[in-house]
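Undergrad:
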Amino acid sequence: MKFECQPVDTAFLEEAPLRFVNEAELPMAAERVFAILEDGEAWPRWFKDIRKVTWTTPKPFGVGTTRTVRLATLTVFEYFFIWEQGHRFSFYFTGHTLPMARAFAEDYQLHSLGPDRCRFLYTVACRPQPWMIPFQPIMRLQLGSMFRKATAGLVAYTTDLAKG
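Just so we're aligned: 50 in full-length UniProt numbering is position 50 of the sequence shown, and the numbers increase by one with no gaps anywhere.
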C-alpha cells in the first residue's frame, strides 16, 4: 500500500519539524561523487539501509526525475525538484509504504575544495503524520542515526575508491 506525501520546496528543508544535517569532507572531486550519487547500484554499497535504487525516469536526469528506493523497512517514491549537475540535487517523497510522514525531503550538496576533494552537505527534513508526533523523539534518534551512518558510509566508500 502506498501512502501519499505532500510536495515541498526548498523552504521545507529549513523549516521542517524534524531536520537532520550531516557534513563531511570527501577525498574526491565533486563531479566524481555526483556520478556515484547518480549510480543506483552504488547506493546500497555505502547507504546500508538501502536495498535497491531504481531510476524510473531515463537519463539525462534533472528536475522532474523520479525514482523508487527500497529500504530495509519501507519503499519510498521520490520526485527530484532541484538538479544542478555535478553539484546538488533535492527530492521529496511523493509517497511511501509506511504512514510515518506527511512530507519528507532530502538535499545533497557537493562543494569543491580542490581537484580531488569536496565537502558533502546532506540535509533531511520530515513532517511526521499527526499520530507520529508523540514518537518524534524516537524518530529523531532512529533517523538521525541512519543518516549519520549513511554519511560515514559515503566517506568510507569514496575513500576506498580514491585509493583505487
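Even for Gly, the Cβ is constructed at its ideal location relative to N, Cα and C.
Considering only C-alpha positions, which residue in the set Glu25, Tyr108 and Arg51 is nearest to Leu74?
TA: Along the sequence shown, read from residue 1 onward, the residue named residue 74 stands at position 74. Leu74 has its Cα closest to that of Arg51, out of Glu25, Tyr108 and Arg51.
Undergrad: Which residue from Gly86, Ala16 and Thr57 puts its Cα closest to that of Ala77?
TA: Along the sequence shown, one-based indexing puts residue 77 at 77. Inspection of the sequence shows that residue 77 is occupied by Phe rather than by Ala. The candidate whose alpha carbon is nearest that of Phe77 is Thr57.
Undergrad: Just list the residues that DSSP pairs Gly95 with in beta bridges.
TA: Sequence index remark: in the sequence shown, residue 95 carries index 95 (1-based). Paired residues: Glu4 and Phe77.
Undergrad: Residues in the same chain with beta-carbon distance under 6 angstroms from Leu26, minus the five sequence neighbours each way, listed in chain order, please.
TA: Your numbering for residue 26 matches position 26 in the sequence shown. Answer for Leu26: Val33, Cys118, Phe120 and Thr158, listed in chain order.
Undergrad: Would you check if there are 3 or more beta carbon pairs closer than 8 angstroms linking the stretch 59-75 to the stretch 103-117?
TA: Because the criterion of three Cβ pairs below 8 angstroms is not met, the stretch 59-75 and the stretch 103-117 do not touch.
Undergrad: Between the stretch 56-70 and the stretch 130-148, do three or more beta carbon pairs fall short of 8 angstroms?
TA: no
Undergrad: The beta strand (DSSP E) that contains Ile50, what's its start and end?
TA: For the purposes of this step, residue 50 is taken as the residue at position 50 of the sequence shown. Ile50 -> beta strand (DSSP E) spans Ile50 to Trp55.
Undergrad: Identify which residue in Leu71, Val124, Glu15 and Thr66 has its Cα closest to the Cα of Leu98.
TA: Counting from 1 along the sequence shown, the entry for residue 98 is found at position 98. Of the candidates Leu71, Val124, Glu15 and Thr66, the one whose C-alpha sits nearest the C-alpha of Leu98 is Leu71.
Undergrad: Is DSSP giving Gln136 helix, strand or coil here?
TA: Residue mapping note: residue 136 aligns to position 136 of the sequence shown, counting from 1. Of the three classes helix, strand and coil, the one that applies to Gln136 here is helix, per DSSP.
Undergrad: Counting along the chain, where does the beta strand (DSSP E) carrying Ala105 start and finish?
TA: Locating residue 105 in the sequence shown gives position 105, counting from the first residue. Per DSSP, Ala105 belongs to the beta strand (DSSP E) from Ala101 to Gly114.
Undergrad: Which stretch, first to last residue, makes up the alpha helix (DSSP H) that contains Phe20?
TA: Taking the first residue of the sequence shown as 1, we reach residue 20 at position 20. Per DSSP, Phe20 is not a residue of any alpha helix (DSSP H); the beta strand (DSSP E) it occupies stretches across Leu18 to Leu26.
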